[in-house]
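Step one of this worksheet: look at the structure below.
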Amino acid sequence: MKFKQKVFIFIVILVVDMILAWGAVRMWKGRGEIFDTHEGKPVDTGRIPVPGEGMTTEVSGHDHSGAGRSEKAVSDLYGQQEDIAKKYTALTFDDGPNPKYTKPLLDGLRERGIRVTFFLVGECIDGNEDLVKQMAKDGHLIGVHCLTHKDLTKEKLSDAAKELCDTREKIRAVTGDWPEYVRPPYGSWNAKLEEAVDMIPVFWDVDSIDWRLKNTEKVTAKVVKDTEDGDIILMHDEFKTSVEAAFRIIDNLTAKGYTFVTVDELMVD
Numbered sequence: 014m015k016f017k018q019k020v021f022i023f024i025v026i027l028v029v030d031m032i033l034a035w036g037a038v039r040m041w042k043g044r045g046e047i048f049d050t051h052e053g054k055p056v057d058t059g060r061i062p063v064p065g066e067g068m069t070t071e072v073s074g075h076d077h078s079g080a081g082r083s084e085k086a087v088s089d090l091y092g093q094q095e096d097i098a099k100k101y102t103a104l105t106f107d108d109g110p111n112p113k114y115t116k117p118l119l120d121g122l123r124e125r126g127i128r129v130t131f132f133l134v135g136e137c138i139d140g141n142e143d144l145v146k147q148m149a150k151d152g153h154l155i156g157v158h159c160l161t162h163k164d165l166t167k168e169k170l171s172d173a174a175k176e177l178c179d180t181r182e183k184i185r186a187v188t189g190d191w192p193e194y195v196r197p198p199y200g201s202w203n204a205k206l207e208e209a210v211d212m213i214p215v216f217w218d219v220d221s222i223d224w225r226l227k228n229t230e231k232v233t234a235k236v237v238k239d240t241e242d243g244d245i246i247l248m249h250d251e252f253k254t255s256v257e258a259a260f261r262i263i264d265n266l267t268a269k270g271y272t273f274v275t276v277d278e279l280m281v282d
């Protein structure tokens, strides 16, 4: 082989080697580049990146951030606490309707969106039919107390049954519905009465003794202090102080997480 041919081959090989070396360097530098997501171009860091570094992953429809999980956890916990904190009680009023005080009581209950239970005295219905109609219209539960407020267990069974049935008929005549519940005066009740009349007796857990105290602050304090979840509260709608106390009791117990329901709702639950 001539000398000139050998020189030409050597130059070709040298050029090829240089091209390969240059390509290798480019590849090596490319591995050290991290994509700058803010500038939209690669940044040369001069090092080999950790696998996955500089890559962004987009997942639609789901929040995988720690903040998202924390907010959801707090929301769930808050909802659970609300369920746990919810308590129920029933306000009941005996001896009405009263021509002077039942009307402001009904109006105040309507304003607050509160439903209660009234146990009516039959002889008090006469002349106060409009009050009984308002009770029914506003969704209050109406029950029987007695015709003339007697201790039924001390009466002849037939007379006691008549006291209840006559009152029941008076209520039906005004509202169109037969009352199912009875609050026996003084809480006096027995098995014979239960057999004689087809009504469910309702007693109480918290006695406001409003008829004796006749003091708004004292009645309010006693009821708020004594009431627990599921309690039936006994009051009367024949005193101004009782009406005033009822509104304060509602406001105080509502602030403590209580929901006011009628007796039938409480007994069913």
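Those letters in the sequence shown? Residues 14 to 282, by the working numbering. Cβ coordinates follow ideal geometry from the N, Cα and C atoms, glycine included. Note that this is a predicted model, so its numbers are computed, not measured.
For this session: Could you have a look at residue 161 and say whether DSSP puts it in helix, strand or coil?
Result: coil
Exercise. Taking C-beta to C-beta, are residue 213 and residue 193 nearer than 7 Å?
Worked result: yes
Problem set entry | Beta-carbon proximity check, residue 157 vs residue 180, cutoff 7 Å | yes
Problem set entry | Proximity of residue 274 and residue 246 at Cβ, strictly below 7 Å | no
Exercise. Helix, strand or coil: which one does DSSP assign to residue 184?
Worked result: helix
Exercise. Taking contact to mean at least 3 C-beta pairs separated by less than 8 Å, is the region 169-176 in contact with the region 137-152?
Worked result: no
For this session: Look at the alpha carbon of residue 210 and the alpha carbon of residue 234, and state the distance between them as a whole number of angstroms.
Result: 37 Å
Exercise. What do you reckon, are the CB atoms on residue 114 and residue 250 nearer than 7 Å?
Worked result: yes
Exercise. What runs of the beta strand (DSSP E), each 3 residues or longer, lie entirely inside the region 213-250?
Worked result: 244-249
Problem set entry | Local Cβ density within 10 Å of residue 185, reported as buried at 16 or more and exposed below that | With a 10 Å radius around the Cβ and a threshold of 16 neighbouring Cβ atoms, residue 185 comes out exposed.
Problem set entry | Terminal residues of the beta strand (DSSP E) in which residue 105 lies | 100-109
For this session: Could you pull out every residue in the same chain whose Cβ sits closer than 6 Å to the Cβ of residue 135, ignoring the five residues on either side in sequence?
Result: 160, 179, 180, 183
Exercise. In three-state terms, what does DSSP make of residue 135?
Worked result: Looking at residue 135 - three-state DSSP - the assignment turns out to be helix.
Problem set entry | Element boundaries [alpha helix (DSSP H), containing residue 267] | 253-268
Problem set entry | For residue 271, the nearest candidate out of 99, 256, 24 (CA to CA) | Nearest of 99, 256, 24 to residue 271, Cα basis: 99.
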